[in-house]
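Count the sequence shown with my numbering and you get residues 174 to 339, in order.
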Amino acid sequence: MTNPVSVSALEQECKALFTELASLQDKIREKVSAYADGKTLKGNELVGWLGEIYGKLLLDGKLVHDREEHDFVCTDGSRVSAKTRKGFGTGWQKTSAIRKLDGPQCPTHLLFVHLHDDYSIDRIWLFPWSILATKERFKSHTVRGSHRSFIFTLDEKKDKEHVIYG
174 MTNPVSVSAL EQECKALFTE LASLQDKIRE KVSAYADGKT LKGNELVGWL
224 GEIYGKLLLD GKLVHDREEH DFVCTDGSRV SAKTRKGFGT GWQKTSAIRK
274 LDGPQCPTHL LFVHLHDDYS IDRIWLFPWS ILATKERFKS HTVRGSHRSF
324 IFTLDEKKDK EHVIYG
């Protein structure tokens with residue numbers, strides 16, 4: 174049994190707020206895009222956009238195309254993959270999927286950006302990719318018994334030395 178009346182009522186109750194939210198997101202995208210080096214900021218991924226932009230500004234980098242394994246390149250040639258999380262809920266220390274761990278196009282560094290619920294920066298960590306790989310910090314992520322990607326999990330105490338901001 175479905176209840177379309179309840180769904181419709183909630184949708185109508187939130188309609189003005191959703192319109193306001195969409196407008197604010199468009200304004201934020203416009204402001205953040207000014208720092209995107211011509212890269213199109215796709216979707217509705219404010220948290221990810223902020224991590225990439227903050228990282229490239231902090232490390233004097235330039236954003237690259239989405240087809241790359243990394244998000245930006247620094248003036249020293251470092252290739253950095255930025256992973257960003259917001260809030261302090263369960264799992265905030267885990268990155269999203271990392272497709273590849275090695276090869277000539279893989280990142281040289283992992284930037285982990287943590288934002289407070291209000292999108293302000295809590296801390297930013299920078300890890301040499303080779304150290305994470307050597308210390309086996311990347312764990313296989315399997316779905317229904319098949320390897321899909323890798324995940325990195327931040328350890329706040331162990332990783333203190335890698336904090337570069339905040």
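Glycine is no exception: its CB is placed at the ideal position from the N, C-alpha and C atoms.
Q. Is DSSP giving Lys344 helix, strand or coil here?
A. Because the chain in this structure spans residues 174 to 339, residue 344 falls outside the shown range and cannot be described.
Compare the Cα-Cα distances from Arg246 to each of Ile337, Leu231 and Asp275 and report the closest residue. Residue numbering aside, residue 246 sits at position 73 when the sequence shown is read from its first letter. Reading off the sequence, residue 246 comes out as Val, not Arg. The shortest Cα separation from Val246 among Ile337, Leu231 and Asp275 belongs to Leu231.
request  = Sort Gly250, Ser254 and Ala195 by Cα distance to Gly221 and report the nearest one.
outcome  = One-based indexing of the sequence shown puts residue 221 at position 48. With distances taken between Cα atoms, Gly221 lies closest to Ser254.
- Query: Going by beta carbon distance, what residues of the same chain come within less than 7 Å of His289, once the five residues before and after it are set aside?
  - Reply: Position 116 of the sequence shown, counted from the first residue, corresponds to residue 289. Correct list, in chain order: Asp295.
> Where does the unbroken alpha helix (DSSP H) through Leu231 begin, and where does it stop?
Replying inline: Taking the first residue of the sequence shown as position 1, residue 231 is located at position 58. Residues Leu219 to Leu231.
Where Leu288 falls: helix, strand or coil (DSSP)
Sequence index remark: in the sequence shown, residue 288 carries index 115 (1-based). The answer is strand: DSSP assigns Leu288 an E or B state.
Anticipated Cβ contact below 8 Å, Trp265 with His287, distance rounded:
Within the sequence shown, the letter at position 92 stands for residue 265. Within the sequence shown, the letter at position 114 stands for residue 287. Indeed they touch by this definition, with Cβ atoms about 7 Å apart.
| said: Looking at the strands, I want to know which residues DSSP matches up with Thr257. | reply: Residue 257 sits at position 84 when you count from the first residue of the sequence shown. Per DSSP, Val286.
**Request:** Report buried or exposed for Asp244, applying the criterion of at least 16 other Cβ atoms within 10 angstroms of its Cβ.
**Result:** Against the sequence shown, residue 244 aligns to sequence position 71. Result: buried.
Taking the straight line between their C-alpha atoms, what separation do you get for Lys200 and Ala207?
For this step, residue 200 is matched to residue 27 along the sequence shown. For this step, residue 207 is matched to residue 34 along the sequence shown. Rounded to the nearest angstrom, the two C-alpha atoms are 11 Å apart.
**Asked** Among Asn217, Leu274 and Phe300, which residue has its Cα nearest to the Cα of Arg321?
**Response** Counting from one through the sequence shown, the residue named residue 321 turns up at place 148. Among Asn217, Leu274 and Phe300, the Cα nearest to that of Arg321 is on Leu274.
When you compare only the Cα positions, how much space is there between Thr315 and Ile324? Looking up residue 315 in the sequence shown gives position 142. Looking up residue 324 in the sequence shown gives position 151. Taking the straight line joining both Cα atoms gives about 10 Å.
Proximal residues to Lys312 (C-beta, below 6 Å), its chain only, five neighbours per side dropped: For the purposes of this step, residue 312 is identified with residue 139 of the sequence shown, where counting begins at 1. The residues are Ile324.
Same chain, Cβ closer than 7 Å to Thr307, five either side skipped, listed in chain order: Locating residue 307 in the sequence shown gives position 134, counting from the first residue. Excluding positions up to five away in sequence, the list is empty.
Let me check one thing: in DSSP terms, what residues is Ser124 bridge-paired to? As shown, the chain starts at 174 and ends at 339. That puts residue 124 outside it, with no answer to give.
query = What residues in its chain sit with their C-beta under 6 Å from that of Gln278, if we drop five residues either side in the sequence?
reply = Within the sequence shown, residue 278 is the residue found at index 105, counting from 1. Answer for Gln278: Glu242, listed in chain order.
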